[in-house]
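For reference, the structure discussed in these notes is given below.
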Amino acid sequence: MNYNKLKYFYEVAKTKNISHTANLLFVSQSSLSKAISDLEKDFGTPLFVRTNRNLILTDAGEELYRRTASLFSNEEELYTVIKEIGQRDQLPIPHSLNIGFLNFALTCELPLSIQKYCSTNPDLSIQCYRYNKAELITRMKKKQLDAAFLIFTMDEVPREFPYKLMAEYHISVIMRSDHPLATRERIAVRELEKESFLMHGHPDTSEEYHYALSFCRRNGLEPHIIARYDNVETVLMMVQSGMGIGLLSDGAPIKNMKHLVSVPIENAPVLYGGIFYRGDIDVNIPGLFEKILKPML
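This is how it looks when you write it as structure tokens:
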């Protein structure tokens with residue numbers, strides 16, 4: 056069974072006449088009859104009842120016609136839509152793009168991923184800027200940024216720009232593998248009451264810090280924060296040294312760090328990572344960032 060055989064069947068089912076359909080498709084009657092016969096062999100059942108004057112669809116033929124009609128009746132539209140999408144994907148990328156991102160565990164790897172991508176695509180230059188969420192949105196509105204990678208919940212999606220979801224995260228506890236809670240599948244917030252916390256950034260500048268702190272407070276825990284670090288790698292190294300635990304997303308880059316584990320927190324909110332972009336530039340920003348972020352996700 057192949058596309059041409061199904062196409063031939065569909066056209067014959069419309070006309071109920073082999074010779075008429077052969078003329079419409081500019082093929083011989085014998086090749087058309089063979090295609091129908093091959094399909095019937097493939098399915099193991101007749102698709103037509105043949106009479107002296109015309110063809111009559113069997114029940115199996117009626118069902119196959121109904122299913123193929125959904126494809127072939129919109130064939131021209133399908134070609135047009137796919138062609139337009141292909142042309143959009145191939146739009147020239149501007150020589151330079153300005154990209155903003157947040158202070159978030161995953162995005163610490165973003166500039167390096169962009170640098171690697173640009174090294175194999177020398178015609179493209181991407182400038183990276185780190186701001187808090189409000190500043191990123193403001194700069195997008197002023198067209199100072201072409202796109203921004205944001206972290207958000209579904210209740211607070213910025214509606215000013217088109218966007219595409221790229222990843223899903225949860226706030227987790229980062230701890231040493233020899234911590235008493237390290238083997239747990241999940242940890243309740245109340246179990247962290249006596250822990251010393253090492254935080255990434257500041258509530259006003261780090262989305263991770265903001266969401267983690269808000270979640271703890273909503274659940275009756277005021278974390279005992281002993282240190283804050285601007286660099287997520289520093290947080291991880293301090294946790295590794297046994298200084299305390301970290302509250303980071305499950306996207307934190309711990310895979311190359313020995314003796315560290317990430318344990319989910321019960322009922323932690325789902326956070327989404329997405330690329331927001333200006334709609335007035337002729338570039339497939341989502342497609343570009345899927346390629347850039349692929350090694351990170």
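The numbering of the sequence shown is the working numbering, which starts it at 56 and goes up by one.
All C-beta atoms in this analysis are idealised placements derived from N, C-alpha and C, irrespective of residue type, glycine included.
Computed from a prediction, not measured in an experiment: that's the story for all the values here.
Residue burial classification, residue i (beta-carbon count within 10 angstroms, cutoff 16)
{"i": "residue 266", "result": "buried"}
{"i": "residue 309", "result": "buried"}
{"i": "residue 137", "result": "exposed"}
{"i": "residue 111", "result": "exposed"}
{"i": "residue 263", "result": "buried"}
{"i": "residue 251", "result": "exposed"}
{"i": "residue 227", "result": "buried"}
{"i": "residue 281", "result": "exposed"}
{"i": "residue 328", "result": "buried"}
{"i": "residue 175", "result": "exposed"}
{"i": "residue 272", "result": "exposed"}
{"i": "residue 63", "result": "buried"}
{"i": "residue 207", "result": "buried"}
First through last residue of the beta strand (DSSP E) which encompasses residue i
{"i": "residue 223", "result": "218-231"}
{"i": "residue 152", "result": "151-156"}
{"i": "residue 255", "result": "251-255"}
{"i": "residue 40", "result": "In this structure the chain extends from 56 to 352, so residue 40 is not present and cannot be described."}
{"i": "residue 279", "result": "279-284"}
{"i": "residue 237", "result": "Where residue 237 is concerned, there is no enclosing beta strand (DSSP E), given that its DSSP letter is neither H nor E."}
{"i": "residue 212", "result": "No beta strand (DSSP E) holds residue 212; DSSP gives it neither H nor E."}
{"i": "residue 105", "result": "103-105"}
Where residue i falls: helix, strand or coil (DSSP)
{"i": "residue 128", "result": "coil"}
{"i": "residue 336", "result": "coil"}
{"i": "residue 326", "result": "strand"}
{"i": "residue 81", "result": "coil"}
{"i": "residue 392", "result": "Since the first and last residues shown for the chain are 56 and 352, residue 392 lies out of range."}
{"i": "residue 315", "result": "strand"}
{"i": "residue 242", "result": "strand"}
{"i": "residue 184", "result": "strand"}
{"i": "residue 160", "result": "Residue confidence is low: residue 160 scores 48 on pLDDT, short of 50, so the model does not pin down where it sits. No coordinate-derived value is stated."}
{"i": "residue 146", "result": "With a pLDDT of 48 at residue 146, under the threshold of 50, the predicted position of this residue should be treated as unreliable, though the coordinate-derived value follows. DSSP places residue 146 in coil when its eight states are reduced to three."}
{"i": "residue 73", "result": "helix"}
{"i": "residue 347", "result": "helix"}
{"i": "residue 67", "result": "helix"}
{"i": "residue 309", "result": "coil"}
Segment limits, alpha helix (DSSP H) that includes residue i
{"i": "residue 94", "result": "84-98"}
{"i": "residue 268", "result": "262-273"}
Those residues which DSSP pairs with residue i across a bridge
{"i": "residue 304", "result": "226"}
{"i": "residue 206", "result": "328"}
{"i": "residue 61", "result": "In DSSP, residue 61 forms no bridge with anything."}
{"i": "residue 110", "result": "105"}
{"i": "residue 192", "result": "According to DSSP, which records beta bridges pairwise, residue 192 is partnered with nothing at all."}
Closer than 7 Å: residue i CB and nearest the ligand ATP heavy atom
{"i": "residue 92", "result": "In terms of ligand content, the structure shown is empty, and the ligand ATP therefore cannot be addressed."}
Counting pairs of Cβ atoms below 8 Å between the segment 113-125 and the segment 150-157, do you hit three or more?
No: the two stretches stay apart, fewer than three of their Cβ pairs being nearer than 8 Å.
Evaluate contact between the segment 318-330 and the segment 236-245, counting only Cβ atoms and requiring at least three cross-stretch pairs below 8 Å.
The segment 318-330 is in contact with the segment 236-245.
Assess contact between the segment 290-305 and the segment 178-188, defined as three or more Cβ pairs (one per stretch) separated by less than 8 Å. Is contact present?
When Cβ pairs closer than 8 Å are counted between the two stretches, the segment 290-305 is seen not to touch the segment 178-188, the count staying below three.
State whether the segment 322-340 contacts the segment 202-220, with contact taken as three or more CB pairs (one from each stretch) at a distance under 8 Å.
Taking a cut-off of 8 Å for Cβ pairs, the segment 322-340 and the segment 202-220 touch, as three or more such pairs fall below it.
Please confirm if the segment 272-291 is in contact with the segment 194-203, defined as three or more CB-CB distances below 8 Å between the two stretches.
Contact annotation: the segment 272-291 does not touch the segment 194-203, with fewer than three C-beta pairs closer than 8 Å.
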